[in-house]
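For reference, the structure discussed in these notes is given below.
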Amino acid sequence: MEKNIFVTRPLLPPLEEFIPYLENIWESQHLTNAGPYHQQLEKELAEYLGVEHLCLFSNGTLALLTAFQVLGITGEVIATPYSFVATAHSLLWNGLTPVFVDTDPDTFNLDADKLEQAITPATTAILPVHCYGIPCNTRKIEELADAYGLKVIYDAAHAFGVKQNGVSVLRQGDLSILSFHATKVFNTIEGGAIICHDAKMKQRKNFGFVNETTVVAAGINGKMNELQAAYGLLQLQHIDKALDERGRLYRHYNMLLADIPGVSLIAVPEDVTWNYAYYPIMIDEDFTLTRDELYELLKDNHIMARRYFYPLISSFFMYKFAESASKENLPVAHRLAEKVICLPLYPGLEESIQNKIAGLIKNAAATSPHSSPLIMAQ
Numbered sequence: 026m027e028k029n030i031f032v033t034r035p036l037l038p039p040l041e042e043f044i045p046y047l048e049n050i051w052e053s054q055h056l057t058n059a060g061p062y063h064q065q066l067e068k069e070l071a072e073y074l075g076v077e078h079l080c081l082f083s084n085g086t087l088a089l090l091t092a093f094q095v096l097g098i099t100g101e102v103i104a105t106p107y108s109f110v111a112t113a114h115s116l117l118w119n120g121l122t123p124v125f126v127d128t129d130p131d132t133f134n135l136d137a138d139k140l141e142q143a144i145t146p147a148t149t150a151i152l153p154v155h156c157y158g159i160p161c162n163t164r165k166i167e168e169l170a171d172a173y174g175l176k177v178i179y180d181a182a183h184a185f186g187v188k189q190n191g192v193s194v195l196r197q198g199d200l201s202i203l204s205f206h207a208t209k210v211f212n213t214i215e216g217g218a219i220i221c222h223d224a225k226m227k228q229r230k231n232f233g234f235v236n237e238t239t240v241v242a243a244g245i246n247g248k249m250n251e252l253q254a255a256y257g258l259l260q261l262q263h264i265d266k267a268l269d270e271r272g273r274l275y276r277h278y279n280m281l282l283a284d285i286p287g288v289s290l291i292a293v294p295e296d297v298t299w300n301y302a303y304y305p306i307m308i309d310e311d312f313t314l315t316r317d318e319l320y321e322l323l324k325d326n327h328i329m330a331r332r333y334f335y336p337l338i339s340s341f342f343m344y345k346f347a348e349s350a351s352k353e354n355l356p357v358a359h360r361l362a363e364k365v366i367c368l369p370l371y372p373g374l375e376e377s378i379q380n381k382i383a384g385l386i387k388n389a390a391a392t393s394p395h396s397s398p399l400i401m402a403q
């Protein structure tokens with residue numbers, strides 16, 4: 026039976042290299058509560074990512090939930106409908122009201138040109154997502170935030186190691202949130218982090234304790250344990266090689282798909298050092314199949330591509346009745362949700378599999394009456 030090829034696969038370090046870490050944990054019997062591996066990972070990740078303060082969490086969703094608590098966000102928060110649902114769920118869990126703004130057709134991020142019209146007297150923050158690791162228009166977002174006195178929290182779940190003009194995108198805004206879920210570029214099995222500009226954030230993830238007897242805030246138990254932290258330290262030793270391999274696979278896809286009519290690719294700005302987190306393609310009207318038909322064709326051939334992100338967050342029942350969630354308000358986001366499909370991309374993916382995927386797409390396109398060349402998104 027042919028094996029399924031999934032859209033991603035976790036980066037697993039060599040097991041024999043992990044065993045000494047486990048032996049140290051067993052010997053110390055320090056499993057959690059900011060143990061030595063936890064502290065070491067915070068320090069080494071901050072250095073690697075080029076940020077001042079990094080606070081580890083047991084998962085990215087808890088980090089996002091905590092971020093709104095720490096900043097005291099209330100009322101309305103401007104958000105994107107084109108993301109994983111945890112982005113908006115973090116608002117509901119905090120009693121906040123998401124206000125959706127349409128998507129930029131080139132970067133698939135929150136459209137900064139449409140932000141201002143969504144700001145009301147109840148707006149207190151903006152929650153942009155660096156979708157697929159491509160940076161938002163941070164300059165315009167933060168100019169508007171400064172003008173209206175709004176906080177900016179970036180959902181940077183996809184943006185591990187991403188830089189713009191040589192500077193980490195994680196340094197932007199009031200806070201940035203990372204996910205270290207097993208499907209991400211860098212993972213700690215489960216995990217996440219808040220990137221902040223001062224060290225006060227850390228008090229909130231351990232019930233608000235600052236010492237044995239003093240609680241200064243209504244904190245939460247969101248701390249990462251020692252096994253996750255040790256795993257992350259080992260991952261960090263292999264991440265550069267993994268990113269290089271992702272880049273090679275990305276370029277191979279580009280070569281294979283460059284001449285297929287009806288298929289367009291996301292453009293990576295020249296000033297961005299990308300992490301190749303995903304490989305999204307857009308199936309346009311002049312392709313023989315719809316995006317969903319191509320999805321089924323690939324699945325029938327054991328290629329488990331994903332329609333990231335479909336359906337839109339704004340389509341789910343807990344959001345769809347909001348005025349900002351109407352289809353008329355989000356035309357670009359709806360178009361992308363119907364056309365984008367992410368192909369498998371992860372370290373260890375064989376080029377022969379990429380060739381097979383491209384062959385399936387080319388064969389489908391061969392029956393098309395159209396012959397216009399591929400147009401890269403600009």
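Going left to right, the sequence shown walks through residues 26 to 403 as my numbering numbers them.
Glycine included, each C-beta is placed from N, C-alpha and C at the ideal position.
In whole angstroms, what separates the C-alpha of residue i from that of residue j?
i    : j    : result
L195 : F109 : 19 Å
T91  : I44  : 33 Å
S397 : K209 : With a pLDDT of 39 at S397, under the threshold of 50, the modelled position of that residue is not reliable, and the figure given next carries that caveat. Approximately 35 Å, taken between the alpha carbons.
P106 : E52  : 47 Å
T132 : L66  : 31 Å
A391 : R273 : 27 Å
K266 : I30  : 22 Å
R276 : D317 : 25 Å
Y278 : D269 : 14 Å
P35  : N49  : 24 Å
A402 : I306 : With a pLDDT of only 37 at A402, under the threshold of 50, the placement of this residue in the model should not be trusted; the figure read from the coordinates follows. Cα-Cα distance, rounded: 10 Å.
D129 : I308 : 17 Å
N300 : I159 : 9 Å
L140 : H327 : 41 Å
I400 : G384 : Note on I400: pLDDT 35, under 50, position unreliable in the model; no value is reported.
Y304 : I386 : 14 Å
A172 : L117 : 26 Å
N84  : H206 : 7 Å
Could you tell me whether any Cβ in chain C is nearer than 8 Å to the Cβ of residue i?
i   : result
H78 : Structure shown: chain C not included; a single protein chain is present.
In or out: residue i buried (at least 16 other Cβ within 10 Å) or exposed?
i    : result
G244 : buried
H63  : buried
A283 : exposed
N388 : exposed
K364 : buried
N380 : exposed
S312 : Reading off the sequence shown, one finds Phe at residue 312, where the question assumed Ser. Its Cβ being crowded by 16 or more others within 10 Å, F312 is buried.
T213 : buried
A409 : Past the boundaries of the shown model lies residue 409; the chain is included only from 26 to 403, so the question cannot be answered.
G373 : exposed
R271 : buried
With C-beta atoms as the reference, is residue i less than 8 Å away from residue j?
i    : j    : result
L361 : I382 : no
N354 : D138 : no
Y344 : A113 : yes
T33  : Y333 : no
L56  : N250 : yes
N134 : C161 : yes
I219 : F82  : yes
Rounded to whole angstroms, how far is the Cβ of residue i from the Cβ of residue j, which I believe are closer than 8 Å?
i    : j    : result
V177 : E167 : 6 Å
G217 : S204 : 5 Å
Q.
Assess contact between the segment 292–312 and the segment 343–350, defined as three or more Cβ pairs (one per stretch) separated by less than 8 Å. Is contact present?
A. In this structure the segment 292–312 does not lie against the segment 343–350, because fewer than three pairs of beta carbons, one per stretch, are closer than 8 Å.
- Are the segment 175–194 and the segment 151–158 in contact at 8 Å, needing three or more beta carbon pairs? Between the segment 175–194 and the segment 151–158 there are three or more inter-stretch CB-CB distances shorter than 8 Å, so the stretches are counted as touching.
* Asked: Three or more C-beta pairs closer than 8 Å, one from the segment 319–338 and one from the segment 78–95: is that the case here?
  -> The segment 319–338 and the segment 78–95 do not touch, with fewer than 3 CB-CB distances between them shorter than 8 Å.
> Should the segment 93–103 be called in touch with the segment 74–84, which here means at least 3 C-beta pairs below 8 Å?
Replying inline: The answer is no - the segment 74–84 does not touch the segment 93–103, with fewer than three Cβ pairs under 8 Å.
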